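I have placed the structure first, in the form of structure tokens, so that the comments after it can refer back to it.
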Amino acid sequence: MKYIFITGGVISSLGKGLTAAALGTLLERRGLKVGLMKFDPYLNVDPGTMSPYQHGEVYVLEDGAETDLDLGHYERFTSCRLTRRHNLTAGQVYEEVLRKERRGDYLGKTVQVIPHITDEIKNRLRHMGQHEDCDILITEIGGTTGDIEGLPFLEAIRQFSLENAPGQCLFIHVTLVPFIKAAGELKSKPTQQSVAKLREIGIQPQILICRSEYPVDHETRQKISSFCNVPVEAVIEEQDVKHTIYEVPLMLHRERLDELVVHALGLKAPQADLKEWEKLVGRMISPKYRAKIAMVGKYLGVPDAYKSVMEALFHAASGEDTGIDLVKVDAEEIEKQGAEPLLRGMDGVLVPGGFGERGIEGKIAAARYAREKKIPYLGLCLGMQVAVIEFARDVAGLKKAHSSEFDSQTKDPVITLLPGQEMNGAKGATMRLGSYSCRLAAGSMAEKAYAQSEIRERHRHRYEFNNAHRAVLEKAGLRISGVHPQGDLVELIEIPDHPWFVACQFHPEFRSKPDVPHPLFRGFAQAARVHAQN
Ligand code: GLN
331 MKYIFITGGV ISSLGKGLTA AALGTLLERR GLKVGLMKFD PYLNVDPGTM
381 SPYQHGEVYV LEDGAETDLD LGHYERFTSC RLTRRHNLTA GQVYEEVLRK
431 ERRGDYLGKT VQVIPHITDE IKNRLRHMGQ HEDCDILITE IGGTTGDIEG
481 LPFLEAIRQF SLENAPGQCL FIHVTLVPFI KAAGELKSKP TQQSVAKLRE
531 IGIQPQILIC RSEYPVDHET RQKISSFCNV PVEAVIEEQD VKHTIYEVPL
581 MLHRERLDEL VVHALGLKAP QADLKEWEKL VGRMISPKYR AKIAMVGKYL
631 GVPDAYKSVM EALFHAASGE DTGIDLVKVD AEEIEKQGAE PLLRGMDGVL
681 VPGGFGERGI EGKIAAARYA REKKIPYLGL CLGMQVAVIE FARDVAGLKK
731 AHSSEFDSQT KDPVITLLPG QEMNGAKGAT MRLGSYSCRL AAGSMAEKAY
781 AQSEIRERHR HRYEFNNAHR AVLEKAGLRI SGVHPQGDLV ELIEIPDHPW
831 FVACQFHPEF RSKPDVPHPL FRGFAQAARV HAQN
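Quick note: the sequence shown uses our numbering, first residue 331, plus one each step.
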């Protein structure tokens, strides 16, 4: 197995995760088997306890691991199947080392960052090396070179490369080449300094990927090459994409990144076949139809908070040859102004997942507007819960119906905690997490969309549809279109006599890929396209 390590310099948010994922796409298209993993230097054991304002979306894997959103890029851009072993945080490393210390495993030694923390990190790499079925394992190191908390990870990968045969490991550094308006030129100094920092630690990157708003000219590349000790052909640019992130693999291919990597690692692989990927990007860039979709949420100022939802929507829309005009609607604004002025003219309403009471009545009002005006609706997790509350209140006559998450005293808790699901104070990894099976009702919209009667989907929630109210709601016309057979948990609801009103307790967005849109998003996008044409 060969190892590629991707570090980042100068600033955060350079899109290292996307770059790692795009490299994965290219190497897979060359017939290589690729694995992707991420090291996160923060001390949280996982990002599950972090607010979307801090961290953006929490990406959930099949096995229920709550991980960094970059793992979402990895799964969308490649055929990787990731597990909790593919996201290692400093918190997990320390947790493990301290557990061993308490057990007495270190036999009286002083426990230190070097070698104990670094050894633990190397153990994970070795473990992946032995168990991951791939030719190349790409590991992204979160954070920015120079961060104190990132040092043990950089030290560990330095040692790891030394312990492996030459040519076994490859270091790629993603850096920033800013354009300074006043000087009218691109500046290479931040890159020089960031590489100097890496070399101080003992890592000499072999490839530099320069993130830039403008083309990086030959002179600048030459300068970076000589100051950073990297051959000029291995100094490549990654400009900001114009239309979609799915252009990134094509751009990096034009810069010959995959060729450089294959060559540096001494691999033999045919040229990349990117025809299908090019077609897909083409459809995304110039779609035939357009549809206006409102996403009703509350973390709207944080672009990454609904990452997978937005990607899944774009995948589905491109499958329908439709461009999405996405309107982010603040649920609290609906509470102030009512749904009409904010949702009028929309071809689809999407209510994604969420936690906490703020904006909840706005989301309920959005579900009502979509139901009454027959606008296609897709509810995800909390988006299903609000649809159930809305239906209970307005159609089934349970005027005070609510979720016990928001009103613990409600007489009609249509959404509630199941016995045994109480938190007992602990917040980390205590939700219903990961993949569960779901049986679809014959003849339902969901069954038609999936063209299957048994599915598996990923979950991340604490509250559930309350079966005590099921009969009343069904009698009033709510269709239960999917249940988890063990425990008879309601996973999908829909409203008949509506062009598309489907809501699920799980998170379908985590399984959508650009070339294989998720059936529920596809159904929603199709209904929105039809709505837009009428
Ligand atoms: N807050 C709700 C619950 O815990 C919904 C969670 C979500 O949307 N992910 O059940």
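All C-beta atoms, glycine included, are put in the ideal place defined by N, C-alpha and C.
Just so we're clear, the structure is a prediction, and the values are computed from it rather than from any experiment.
Check, Outcome
"Enclosing beta strand (DSSP E) for M367 [first to last residue]", "364-370"
"Candidates G514, L595, G684, L680: closest to V626 by CA position", "L680"
"Rounded separation between A855 and A513 - CA only", "46 Å"
"Rounded straight-line distance, which links the Cα of A779 to that of F831", "12 Å"
"A526 CB to nearest heavy atom of the ligand SAM below 7 Å", "For the structure depicted, the ligand SAM is absent and the ligand set comprises only the ligand GLN."
"N-terminal and C-terminal residue of the beta strand (DSSP E) that I334 is part of", "332-338"
"C-alpha gap between L590 and L357, whole angstroms", "11 Å"
"Enclosing alpha helix (DSSP H) for I566 [first to last residue]", "Unbroken run through I566 is the beta strand (DSSP E), 565-569; no alpha helix (DSSP H)."
"Contacts around L770, its chain only, beta-carbon distance under 8 Å, and the 5 residues preceding and following it disregarded", "A776, E777, Y780, Q782, S783, E784, I785, S811, G812, L822"
"Through-space distance from E425 to T432, alpha-carbon basis", "Note that residue 432 is Arg in the sequence shown, not Thr. Near 11 Å, if we compare the C-alpha coordinates of E425 and R432."
"Bridge partners - I785, DSSP secondary structure assignment", "C768"
"Given 8 Å, three or more beta-carbon pairs between the stretch 395-405 and the stretch 428-445", "no"
"Contact test: Y793 Cβ vs the ligand GLN heavy atom, cutoff 7 Å", "yes"
"Proximity test, C834 beta-carbon vs the ligand GLN heavy atom, cut-off 7 Å", "no"
"First and last residue of the uninterrupted alpha helix (DSSP H) at S491", "481-493"
"heavy atom of the ligand GLN below 7 Å from E787 C-beta", "no"
"Per-residue burial, A352 [other beta carbons within 10 Å of its own, 16 or more giving buried]", "buried"
"C711 CB to nearest heavy atom of the ligand GLN below 7 Å", "yes"
"Burial state of A798 (16 or more Cβ within 10 Å)", "exposed"
"Straight-line gap, G459 to L467 (C-alpha atoms, nearest Å)", "8 Å"
"Terminal residues of the beta strand (DSSP E) in which A512 lies", "Per DSSP, A512 belongs to no beta strand (DSSP E) and is neither H nor E."
"Rounded distance between the beta-carbons of S648 and M614, thought under 8 Å", "5 Å"
"Residues that DSSP places opposite F831 in a beta bridge", "Y707"
"Q715: CB within 7 Å of a non-hydrogen atom of the ligand GLN", "yes"
"First and last residue of the uninterrupted beta strand (DSSP E) at A726", "A726 -> no beta strand (DSSP E), and no H or E assigned at all."
"Reference K658; option with closest CA among N796, A646, P682, D570", "P682"
"Reduced DSSP category for V860 - H, G, I as helix; E, B as strand; rest coil", "helix"
"Those residues which DSSP pairs with M625 across a bridge", "K658, L680"
"Residue from G354, D655, S491 with nearest C-alpha to T408", "G354"
"Heavy atom of the ligand GLN within 7 Å of F490 beta-carbon", "no"
"Sheet register partners of I825 (DSSP bridge)", "DSSP, once it has assigned bridges, lists no residue as partnering I825."
"Y383, buried or exposed, once every other Cβ within 10 Å from all chains shown has been counted against 16", "exposed"
"G386: CB within 7 Å of a non-hydrogen atom of the ligand GLN", "no"
"Beta-ladder partner(s) of H573, from DSSP", "H573 is not bridged to any residue."
"C-beta contact flag for G334 and L580 at 8 Å", "The sequence shown places Ile at residue 334, not Gly. For I334 and L580, no; Cβs fall outside 8 Å."
"Reference P847; option with closest CA among E650, C834, H583", "E650"
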